[in-house]
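Undergrad: Take a look at this one; I'll ask things after.
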Amino acid sequence: MTAYTGQKLLDALDSKGLGDWQGLPDCIGARFLTGDFATGLDLVARIGERAEEAGHHPDVTLTFPHVDIRLTSHDTGAVTERDLNLAGQISQLAASAGVEADPSVPALLELGLDTANKEAIAPFWAALLTGDASNVSGPDVTDPAGQMPLLWFQDCEEHEVPHQRLHVDVSVPAAVAPERIKAAVDAGGTIVDESQAPSFTVLSDADGNRACVCTLAGRS
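Going by full-length UniProt numbering, the residue at position 141 of the sequence shown is 141; the numbering climbs one at a time, nothing skipped.
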């Protein structure tokens, strides 16, 4: 099955007239401006029926003013003809319901971390973000629950830890926080500051990159 990536994906979207859709890393995305919840719910139901018929299922986010759709073939890790075909059908369903798309919206957040010690810090970040230090695949930390953005590691030379201007806050239920902190420490992290726990606890990976495990407990 042909995998569409990069410019090849953009060319395929253009050649098939899929102007509602944008190419993103490993997927295609679209936002449909339903304008109200009932219209969005009806569109999602129709998309669900078509997806069941095709045996291929999108990721769908329903909000009051719009519906976001993402399509990818997980067995190939890329967009395939199945996704392009279903995208066309979804656009037809939206058009028949009088719903327009906003092609300027689809975007995808990924986090890249420079390191010369991927093997040392990847388990820490997997444990911190997902609760399981084994959720590392190739250069990426992956979240089976789909709650966290993709984190990947960029090779670089060893360097002193610079002043950190950006850090990661991971908010979890208060009952989960001790378990998440322990998982991160067991995976090679250290606790830097727990004076504000349980509101937040500052941790560090083996490279010195800091992150906080946060809860609502103890906050005003």
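For every residue, glycine included, the Cβ atom is placed at its ideal position computed from N, Cα and C.
Restricting to runs no shorter than 3 residues, where is the beta strand (DSSP E) found entirely within the segment 84-122?
TA: Fully enclosed beta strand (DSSP E) runs of 3 or longer: 110-115.
Undergrad: Give me the residue from Thr61, Asp205, Arg82 with the minimum Cα distance to Pro106.
TA: For the purposes of this step, residue 106 is taken as the residue at position 106 of the sequence shown. Measuring from the Cα of Pro106, the nearest candidate turns out to be Thr61.
Undergrad: Buried or exposed, going by whether 16 or more other CB atoms sit within 10 Å of the CB of Leu109?
TA: Residue 109 sits at position 109 when you count from the first residue of the sequence shown. With fewer than 16 other Cβ atoms within 10 Å, it is exposed.
Undergrad: Considering Leu71, what are the terminal residues of the alpha helix (DSSP H) in which it resides?
TA: As a working mapping, residue 71 is identified with position 71 in the sequence shown. First-last for Leu71: 67-71, but that is the beta strand (DSSP E), not the alpha helix (DSSP H).
Undergrad: Is the CB-CB distance between Ala78 and Asp143 below 8 Å?
TA: Position 78 of the sequence shown, counting from 1, holds the residue named residue 78. Position 143 of the sequence shown, counting from 1, holds the residue named residue 143. Cβ distance not < 8 Å, so Ala78 and Asp143 don't count as in contact.
Undergrad: Quick check: what's the CA-CA separation for Gly189 versus Phe153?
TA: Locating residue 189 in the sequence shown gives position 189, counting from the first residue. Locating residue 153 in the sequence shown gives position 153, counting from the first residue. Rounded to the nearest angstrom, the two C-alpha atoms are 17 Å apart.
Undergrad: Is there contact between the segment 67-78 and the segment 118-130, where contact requires at least three CB pairs shorter than 8 Å?
TA: Judged by Cβ distances under 8 Å, the segment 67-78 makes no contact with the segment 118-130, as fewer than three pairs qualify.
Undergrad: Could you work out which residue in Gly138, Leu111, Thr130 is closest to Ala187 when comparing CA atoms only?
TA: Taking the sequence shown and counting its residues from 1, one reaches residue 187 at position 187. Closest option to Ala187, Cα to Cα, is Thr130.
Undergrad: For Phe32, write down the residues that DSSP places opposite it in a beta bridge.
TA: In the sequence shown, residue 32 corresponds to position 32, counting from 1. Partner(s): Val67, Ala101.
Undergrad: Three-state secondary structure (DSSP) at Arg180?
TA: Here residue 180 corresponds to residue number 180 of the sequence shown, with the count starting at 1. Three-state DSSP puts Arg180 in a helix.
Undergrad: On a CA-only basis, which of Asp102, Val99, Pro58 is nearest Arg82? Give me that one, please.
TA: For this step, residue 82 is matched to residue 82 along the sequence shown. For the residues Asp102, Val99, Pro58, the minimum Cα distance to Arg82 belongs to Pro58.
Undergrad: Please classify Ala133 as buried or exposed, where buried requires at least 16 other C-beta atoms within 10 Å of its C-beta.
TA: To locate residue 133, count along the sequence shown from 1; it is residue 133. By the neighbour-count rule (16 or more Cβ atoms within 10 Å), Ala133 is buried.
Undergrad: Whether or not the segment 149-164 and the segment 93-106 are in contact is what I'm after, with contact meaning three or more pairs of Cβ atoms, one per stretch, closer than 8 Å; do they touch?
TA: No, the segment 93-106 does not touch the segment 149-164.
Undergrad: I'd like the span of the alpha helix (DSSP H) that includes Ala45, first residue to last.
TA: Against the sequence shown, residue 45 aligns to sequence position 45. From DSSP, the alpha helix (DSSP H) with Ala45 extends over 37-54.
Undergrad: Please list the terminal residues of the continuous alpha helix (DSSP H) segment that includes Ser15.
TA: As a first step, residue 15 must be located in the sequence shown, where it is residue number 15. Ser15 -> alpha helix (DSSP H) spans 6-15.
Undergrad: Here's the rule I'm using: 16 or more other beta-carbon atoms within 10 Å means buried, otherwise exposed. How should Met1 be labelled?
TA: Along the sequence shown, read from residue 1 onward, the residue named residue 1 stands at position 1. Classification of Met1: exposed, given that the 10 Å Cβ count is below 16.
Undergrad: Judging by CA-CA distance, which residue of Gln147, Leu128, Leu203, Asp42 is the nearest neighbour of Phe64?
TA: Position 64 of the sequence shown holds residue 64. Taking only the C-alpha atoms, the option nearest Phe64 is Asp42.
Undergrad: Roughly how many angstroms separate the alpha carbons of Ala217 and Val202, rounded to a whole number?
TA: In the sequence shown, residue 217 corresponds to position 217, counting from 1. In the sequence shown, residue 202 corresponds to position 202, counting from 1. Going from the Cα of Ala217 to the Cα of Val202 covers about 15 Å.
Undergrad: According to DSSP, simplified to helix, strand and coil, what is Arg165?
TA: As a first step, residue 165 is located in the sequence shown; it is residue number 165 there, counting from the start. Correct three-state label for Arg165: coil.
Undergrad: Pick out whichever of Pro149, Asp207, Asp193, Glu179 has its Cα sitting closest to the Cα of Asp155.
TA: The residue labelled residue 155 in the question sits at position 155 within the sequence shown. Cα-wise, what sits closest to Asp155 is Asp207.
Undergrad: Please identify the residue among His66, Arg31, His74, Gly40 whose C-alpha is closest to the C-alpha of Ala3.
TA: On the sequence shown, position 3 is the one that residue 3 refers to. With distances taken between Cα atoms, Ala3 lies closest to His74.
Undergrad: Under 8 Å, do Thr215 and Ser195 count as touching if we go by C-beta distance?
TA: As a working note, residue 215 is residue 215 in the sequence shown. As a working note, residue 195 is residue 195 in the sequence shown. No, they are not a contact pair.
Undergrad: Could you check where the beta strand (DSSP E) with Cys212 kicks off and where it finishes?
TA: To locate residue 212, count along the sequence shown from 1; it is residue 212. Counting along the chain, the beta strand (DSSP E) containing Cys212 begins and ends at 210-214.
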